[in-house]
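Numbering (my numbering), first residue to last: 143 to 329.
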């Protein structure tokens, strides 16, 4: 009976040692798994959210220079402004507070050279300016479907124009200064 008791005690001792080794192995395994999860979580980009909100977003190039801004203007308009390498605005896409959208192309000196706008009454206009920023040509279409083209001199004074009214009647106007204007209404 004593031998049997000794064998049971030895078996019990082996079980205790095996149990300790298993617990140590389990602790190492859990620690490794936790470290792996933390490492992966730190290296992975964050999961995309459904909504990103801000008053403005800035776009910077690889050198850290501001190249664009998307946000709200001080007058309440929402706008996207893209800039060149020197930080000068070159393109502006805007929606005014009344809902009117517009697009402006800007030269290196900051002057608007071309603009496209749609007003709340659905009048649409495309205008071109010269190097001095003076409007020289404008093409428009009214909400009532009348179309017009106006051409100006280097001072911005309209010198010629033509149009087609909503009823289909057309006009051509030549303005050559005081007393020198002439309108032609084709038949």
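Ideal placement from N, C-alpha and C gives every residue a C-beta, glycine not left out.
Bear in mind the structure is a predicted one, so any value in this text is a computation, not a measurement.
Can you have a look at residue i and say buried or exposed, based on whether 16 or more other CB atoms are within 10 angstroms of its CB?
i           : result
residue 150 : exposed
residue 221 : buried
residue 174 : exposed
residue 294 : buried
residue 223 : buried
Are the beta-carbon atoms of residue i and residue j separated by less than 9 angstroms?
i           : j           : result
residue 253 : residue 274 : yes
residue 278 : residue 250 : no
residue 284 : residue 257 : no
residue 243 : residue 268 : no
residue 237 : residue 219 : yes
residue 298 : residue 291 : no
Taking the alpha-carbon positions, what's the residue i to residue j distance?
i           : j           : result
residue 212 : residue 306 : 39 angstroms
residue 270 : residue 234 : 15 angstroms
Looking at the secondary structure, which residues open and close the alpha helix (DSSP H) in which residue i lies?
i           : result
residue 169 : 144 to 185
Which residue marks the beginning of the beta strand (DSSP E) containing residue i, and which one marks its end?
i           : result
residue 243 : 243 to 248
residue 294 : 289 to 294
residue 276 : It is not in any beta strand (DSSP E) - residue 276 carries neither H nor E in the DSSP assignment.
residue 220 : 220 to 225
Looking only at its own chain, which residues have a Cβ that is under 6 angstroms from the Cβ of residue i, when we skip the five neighbours before and after it?
i           : result
residue 287 : 308
Which same chain residues, not among the five before or five after residue i, have their C-beta less than 8 angstroms away from its C-beta?
i           : result
residue 247 : 232, 233, 254, 255, 256 and 257
Go through its chain and collect everything with a Cβ distance to residue i's Cβ below 7 angstroms, but skip five positions before and after it.
i           : result
residue 208 : 200, 202, 225 and 229
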